[in-house]
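These protein sequence lines are chains A and B, in that order.
One point on numbering: in numbering that gives the first Met the number 0, the residue at position 280 of the first sequence is 279, and numbering is uninterrupted.
One point on numbering: in numbering that gives the first Met the number 0, the residue at position 128 of the second sequence is 127, and numbering is uninterrupted.
Quick notes on the structure that follows.
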Amino acid sequence: MSEKKLAKASSKNSEHEYTGGLAVIAPDAVKDPGLEPHRTRMTDKSVKHEKAAARQVAAMFLASVLGSAFAIYAYFAFPITEDLGTVRNNTLLLGLGITLGLLGIGIGAVHWAKTLMPDAEVSEERHQTRGSEEVRARAIEIIKLADSESGFSRRKLIRRSLYGALALFPLPAIALFGDLGPNPGDTLRHTMWKKGTRLALDPTGTPIKAADVTLGSVFHVIPEGLAELDHHKLEEKAKAAVLLVRLDPNDLKESAERKDWSYDGIVAYSKICTHVGCPVALYEQQTHHLLCPCHQSTFDVTDACKVIFGPASRPLPQLPIAVDAEGYLIAQSDFNEPVGPSFWER
Amino acid sequence: MAFMKRNANGARRHPMAAILVIAAGLAVSGGGYAAATAAVETVSPTSAAASAAQVDEGRKLFLSNCASCHGKNAEGTVNAPSLIGVGAAAVAFQVETGRMPGQASGPQLMVKPVQFTQEQSDAMAAYVASLAPGPEVPTAAQIAANGDSERGGELFRINCAMCHNAVGAGGALTEGKFAPALKGVESRHIYEAMLTGPQNMPVFNDANLTPQDKKDIITYLKFVEENPSAGGYELANLGPVVEGLFTWVFILGFIIAITIWLGAKSN
Numbered sequence: 000m001s002e003k004k005l006a007k008a009s010s011k012n013s014e015h016e017y018t019g020g021l022a023v024i025a026p027d028a029v030k031d032p033g034l035e036p037h038r039t040r041m042t043d044k045s046v047k048h049e050k051a052a053a054r055q056v057a058a059m060f061l062a063s064v065l066g067s068a069f070a071i072y073a074y075f076a077f078p079i080t081e082d083l084g085t086v087r088n089n090t091l092l093l094g095l096g097i098t099l100g101l102l103g104i105g106i107g108a109v110h111w112a113k114t115l116m117p118d119a120e121v122s123e124e125r126h127q128t129r130g131s132e133e134v135r136a137r138a139i140e141i142i143k144l145a146d147s148e149s150g151f152s153r154r155k156l157i158r159r160s161l162y163g164a165l166a167l168f169p170l171p172a173i174a175l176f177g178d179l180g181p182n183p184g185d186t187l188r189h190t191m192w193k194k195g196t197r198l199a200l201d202p203t204g205t206p207i208k209a210a211d212v213t214l215g216s217v218f219h220v221i222p223e224g225l226a227e228l229d230h231h232k233l234e235e236k237a238k239a240a241v242l243l244v245r246l247d248p249n250d251l252k253e254s255a256e257r258k259d260w261s262y263d264g265i266v267a268y269s270k271i272c273t274h275v276g277c278p279v280a281l282y283e284q285q286t287h288h289l290l291c292p293c294h295q296s297t298f299d300v301t302d303a304c305k306v307i308f309g310p311a312s313r314p315l316p317q318l319p320i321a322v323d324a325e326g327y328l329i330a331q332s333d334f335n336e337p338v339g340p341s342f343w344e345r
Numbered sequence: 000m001a002f003m004k005r006n007a008n009g010a011r012r013h014p015m016a017a018i019l020v021i022a023a024g025l026a027v028s029g030g031g032y033a034a035a036t037a038a039v040e041t042v043s044p045t046s047a048a049a050s051a052a053q054v055d056e057g058r059k060l061f062l063s064n065c066a067s068c069h070g071k072n073a074e075g076t077v078n079a080p081s082l083i084g085v086g087a088a089a090v091a092f093q094v095e096t097g098r099m100p101g102q103a104s105g106p107q108l109m110v111k112p113v114q115f116t117q118e119q120s121d122a123m124a125a126y127v128a129s130l131a132p133g134p135e136v137p138t139a140a141q142i143a144a145n146g147d148s149e150r151g152g153e154l155f156r157i158n159c160a161m162c163h164n165a166v167g168a169g170g171a172l173t174e175g176k177f178a179p180a181l182k183g184v185e186s187r188h189i190y191e192a193m194l195t196g197p198q199n200m201p202v203f204n205d206a207n208l209t210p211q212d213k214k215d216i217i218t219y220l221k222f223v224e225e226n227p228s229a230g231g232y233e234l235a236n237l238g239p240v241v242e243g244l245f246t247w248v249f250i251l252g253f254i255i256a257i258t259i260w261l262g263a264k265s266n
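Below you can see the structure in the form of structure tokens.
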């Protein structure tokens, strides 16, 4: 900062008092009520109470000692074995011991301060933040001295190369954001299902025959071959999970374009909620309502899984199904829309 | 006697007389019914097989206890579904848990004190099974809790946990319906429920969950019932709402109490 600028800044504020910063002080502000009248404590009035308080503080510290010792004892006396119940005993007793160890010190210290240390109320005025004229002049002198000794103003090459170094120094941190990717690409739009993939039972992967899906049943379905995947098994399952239900064909309300997506009353819908992606799997056999356990979105299985309650905004995507020559249920294609929660490009 | 009063004929009658007459009438008719039922029981065969006599006894019980809703031939009415083809397992589940005979219409039939003896229930199951083939009552070997509890746990989480909770603590459905807690439910009733899909529970036939799968699920449920929770006090296993409420009320309450104590002046 040049000398001229500094001089200007100080002269501009010289006639003002630095008291309330930028705060506007109203002339009729509420009056400072001051400190409450001092109340003498029982521990100051009687020696008996003082001694009792001292004993209480010491008792808390002793409790802490006992707690810490008990924690060490509990760690060895209640080891974790094969039995799951021992985990509970070990962590519970160890935790209680450590809790007592810390709380004893804390409560004892606070009790000590509150009952035995001096409790006279003290107030201290805030002092001005602005230094005296001499201090300010001296500070400017030091800055100027540093500038002339380092040659910061004079040595342009050093100064500008330093600016460059400082400007580039944070850039690698920005480059590291690249690790947040890669972008999902079109993986959100496709699942493992394709023409001819058999519908299989979760988790065994046994293919399902249409004849096995009796009225009122619900099957939790994965694509056949999912269990044999080497990579991304969970990602694929999270997208491809399907719920299979057989309804009385008279109960189904099917639009003309979806007429051949079901097979003899058997319909397959994505199990991934269109709200935030929980597995929608609470199927009420008599009402044909499908509920999401997370936020109670309710879908009507008879009517294209339209939302009839809750925060989900889109129906569950339907998987078009058919039956192959051996009687097994197969997918006609992938889902015709992305499964799961909405995202902005869909 | 001031509390006696004259009726129109001038005869004296105690005010309790009417109640006594009704009670006597009830005792005679009820006792007669009980005696008749007992008489039927004594003629029923002791063998477990669904003999013609057992089916006949079941039909009588059905006609006197169930037919008003389910129809005289179990064909169903507007009030209740047809029982043709539901099998012995459905009758065993509904009657032995006290859900049937239903007490009142409502969102869901509740568990009540069981209304029939085991013999009567078996007879009705034999009668309903004789109408059309349906799911059979499981054998003792099918429900023995000696399967693979780990595999059963996985199957339970995939097929059952969304309604019944991950450890079978039960949960809410829509409009007053709920999935009951599975703790303390007898293994055969769990098996029969999977097989028949009572009320709003879906059916899990043997192609969906094989008898071995069902046995593993029962093994898992009995395991979590008999073993303590590793995480300490489980707050009825009801999940994040209960846990959050506990934290808000008790843990935050404790923190607020400590804060007030810290700020208060010593007496």
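No residue lacks a Cβ here, since even glycine has one placed at the ideal position from N, Cα and C.
Are the beta-carbon atoms belonging to residue i and residue j less than 8 angstroms from one another?
i: Gly235 (chain A); j: Leu225 (chain A); result: Here the sequence assigns Glu to residue 235 (chain A), which means Gly is not the residue at that position. Going by C-beta atoms, Glu235 (chain A) is nearer than 8 angstroms to Leu225 (chain A).
i: Ala349 (chain A); j: Gly107 (chain A); result: As displayed, chain A neither begins before 0 nor continues past 345, which places residue 349 (chain A) out of reach and without an answer.
i: Gln317 (chain A); j: Ala267 (chain A); result: yes
i: Asp201 (chain A); j: His189 (chain A); result: no
i: Ala229 (chain A); j: Pro248 (chain A); result: Note on residue identity: the sequence assigns Asp, not Ala, to residue 229 (chain A). No, the pair does not count as a contact, with Cβ atoms beyond the cut-off.
i: Ser341 (chain A); j: Ala303 (chain A); result: no
i: Ala311 (chain A); j: Ile271 (chain A); result: no
i: Ala87 (chain B); j: Val127 (chain B); result: yes
i: Ala235 (chain B); j: Arg87 (chain A); result: no
i: Leu289 (chain A); j: Val275 (chain A); result: no
i: Gly151 (chain B); j: Asp215 (chain B); result: yes
i: Met123 (chain B); j: Pro292 (chain A); result: no
i: Leu198 (chain A); j: Leu328 (chain A); result: yes
i: Thr114 (chain A); j: Ser265 (chain B); result: yes
i: Gln157 (chain B); j: Ile217 (chain B); result: Per the sequence shown, the amino acid found at residue 157 (chain B) is Ile instead of Gln. No, they are not a contact pair.
i: Ala73 (chain B); j: Ile83 (chain B); result: yes
i: Ser216 (chain A); j: Arg257 (chain A); result: no
i: Ile173 (chain A); j: Val212 (chain A); result: no
i: Thr273 (chain A); j: Leu315 (chain A); result: yes
i: Gly101 (chain B); j: Val113 (chain B); result: no
i: Gly84 (chain A); j: Ala210 (chain A); result: no
Which residues share a DSSP beta bridge with residue i?
i: His288 (chain A); result: A:Asp299
i: Lys258 (chain A); result: Answer is none; Lys258 (chain A) lacks a bridge partner.
i: Pro278 (chain A); result: A:Ile271
i: Glu200 (chain A); result: In the sequence as displayed, the identity of residue 200 (chain A) is Leu instead of Glu. DSSP, once it has assigned bridges, lists A:Val220 as partnering Leu200 (chain A).
i: Gly170 (chain B); result: B:Ala178
i: Lys305 (chain A); result: A:Asp299
i: Arg135 (chain A); result: Note: Arg135 (chain A) sits in no beta bridge, so no partner.
i: Ile320 (chain A); result: A:Ala330
i: Arg245 (chain A); result: A:Ile265
i: Val202 (chain B); result: A:Ser216
So does residue i have its beta carbon nearer than 7 angstroms to some heavy atom of the ligand GTP?
i: Phe115 (chain B); result: Summarising the ligand content, the structure contains no ligands, and the ligand GTP is consequently not present.
Inset, instruction - Check whether the region 169 to 181 of chain B touches the region 48 to 66 of chain B, taking contact to mean three or more Cβ pairs, one atom from each stretch, closer than 8 angstroms. - result: no
Inset, instruction - Closer than 7 angstroms, Cβ to Cβ, to anything on chain B: give me those residues from the region 292 to 322 of chain A, in chain order. - result: Pro292 and Thr297
Inset, instruction - Could you name each continuous alpha helix (DSSP H) segment of 4 residues or more that falls completely within the region 204 to 243 of chain A, going from the start of the chain to the end? - result: The DSSP assignment places complete alpha helix (DSSP H) segments of no fewer than 4 residues inside the region 204 to 243 of chain A at 232 to 239, in order along the chain.
Legend entry - Given 8 angstroms, three or more beta-carbon pairs between the region 103 to 122 of chain A and the region 34 to 41 of chain A: yes
Inset, instruction - Could you say if the region 103 to 114 of chain B and the region 152 to 168 of chain B meet the contact criterion of at least three C-beta pairs nearer than 8 angstroms? - result: no
Inset, instruction - Using a Cβ-Cβ cut-off of less than 9 angstroms, give me the residues of the region 155 to 188 of chain A that come near chain B, in sequence order. - result: none
Legend entry - Cβ contact check for the region 51 to 70 of chain A and the region 87 to 103 of chain A: 3 or more pairs under 8 angstroms: yes
Inset, instruction - Would you list, in chain order, the members of the region 219 to 232 of chain B that have their beta-carbon closer than 8 angstroms to a beta-carbon of chain A? - result: Asn226, Pro227, Ser228, Ala229, Gly230 and Gly231
Inset, instruction - May I have a chain-ordered list of the beta strand (DSSP E) segments no shorter than 3 residues that lie completely inside the region 112 to 156 of chain B? - result: none
Legend entry - Given 8 angstroms, three or more beta-carbon pairs between the region 277 to 284 of chain A and the region 194 to 203 of chain B: yes
Legend entry - Contact the region 189 to 196 of chain B vs the region 45 to 53 of chain A: 3+ CB pairs below 8 angstroms: no
Legend entry - Any 3 or more C-beta pairs closer than 8 angstroms across the region 113 to 121 of chain B and the region 180 to 190 of chain B: no
Inset, instruction - Give the residues from the region 182 to 208 of chain B that approach chain A closer than 8 angstroms (Cβ to any Cβ), ordered along the chain. - result: Of all residues in the region 182 to 208 of chain B, only Gly196, Gln198, Asn199, Met200, Pro201, Val202, Phe203, Asn204, Ala206 and Asn207 come within less than 8 angstroms of chain A when Cβ atoms are compared, listed by chain position.
Inset, instruction - Inspect the CB distances between the region 65 to 76 of chain B and the region 134 to 143 of chain B and report whether three or more fall short of 8 angstroms. - result: no
Inset, instruction - Can you give me, in chain order, the residues of the region 74 to 101 of chain A that have a beta carbon less than 7 angstroms from any beta carbon in chain B? - result: Leu83, Gly84, Val86, Arg87 and Leu91
Legend entry - Runs of alpha helix (DSSP H) lying entirely within the region 147 to 185 of chain A, each at least 4 residues, in chain order: 155 to 167 and 170 to 174
Inset, instruction - Closer than 9 angstroms, Cβ to Cβ, to anything on chain B: give me those residues from the region 208 to 235 of chain A, in chain order. - result: Residues Lys208, Ala210, Asp211, Val212, Thr213, Leu214, Gly215, Ser216, Val217, Phe218 and His219.
Inset, instruction - Mind checking the region 146 to 162 of chain B against chain A and listing, in chain order, the residues whose C-beta falls within less than 7 angstroms of any C-beta there? - result: Glu153, Ile157, Asn158, Met161 and Cys162
Inset, instruction - Could you list the residues in the region 243 to 266 of chain B with a C-beta less than 9 angstroms from some C-beta on chain A, going in chain order? - result: Ile257, Trp260, Leu261, Ala263, Lys264, Ser265 and Asn266
Inset, instruction - Would you check if the region 202 to 215 of chain A and the region 174 to 189 of chain A touch, i.e. whether three or more CB-CB distances between them fall below 8 angstroms? - result: no
Legend entry - Residues from the region 270 to 283 of chain A in contact with chain B, defined by Cβ distance under 8 angstroms: Pro278, Ala280, Leu281, Tyr282 and Glu283
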